[in-house]
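Enquirer: Before I ask anything, let me first share the structure, which is written out below as structure tokens.
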Amino acid sequence: MLLVIAGSVAVGVCLMTSPVVSSGAPRDFFDSPFLFPAFLLLSVLAGAAAWFAPQGGVWWGLLAAAPFYVVFFIGVVREGGGGQGLWPVGLLFLIFYTAIPAIAALAVSIAATRIRS
8 MLLVIAGSVA VGVCLMTSPV VSSGAPRDFF DSPFLFPAFL LLSVLAGAAA WFAPQGGVWW
68 GLLAAAPFYV VFFIGVVREG GGGQGLWPVG LLFLIFYTAI PAIAALAVSI AATRIRS
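Just so you know, the sequence shown maps onto residues 8 to 124 in the working numbering.
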């Protein structure tokens, strides 16, 4: 639950700090200067979750990034396919960033399992 709340706060910060591209366009969290630091923080939190509950493994990282996917897909549906058709690029970008907390959680869960056994 804490990971989802932290991910939601990260989405909110990224949306608030993203620049306005044009007067009619909605803000996009991909343009925020805090996007990469937000995913680094989520990686630390996912790693901490994996340390205390190593059986979750990679799922802790995916859970931390889930709010970004919700906001992304809501935006795609609202724009009717992503405006200029660039939503597949955004999805690949988001998958790349999701790999950071997922790999961190997996590595910590493997380390925690080996240390405790």
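No residue lacks a Cβ here, since even glycine has one placed at the ideal position from N, Cα and C.
Since G87 is in the alpha helix (DSSP H), which residue starts that stretch and which ends it?
Expert: Where G87 is concerned, there is no enclosing alpha helix (DSSP H), given that its DSSP letter is neither H nor E.
Enquirer: Counting pairs of Cβ atoms below 8 Å between the region 20-29 and the region 79-86, do you hit three or more?
Expert: Contact fails: fewer than three Cβ-Cβ distances are below 8 Å.
Enquirer: So what does DSSP say about V18, is it helix, strand or coil?
Expert: In the structure shown, V18 sits in a helix (DSSP, three-state: H, G or I).
Enquirer: I think F36 touches V18, with their Cβ atoms under 8 Å apart; what is that distance to the nearest whole Å?
Expert: Contact flag correct, Cβ pair sits at about 6 Å.
Enquirer: Whole angstroms are fine: how far does the CA of F43 sit from the CA of F80?
Expert: Roughly 20 Å separates the two Cα atoms.
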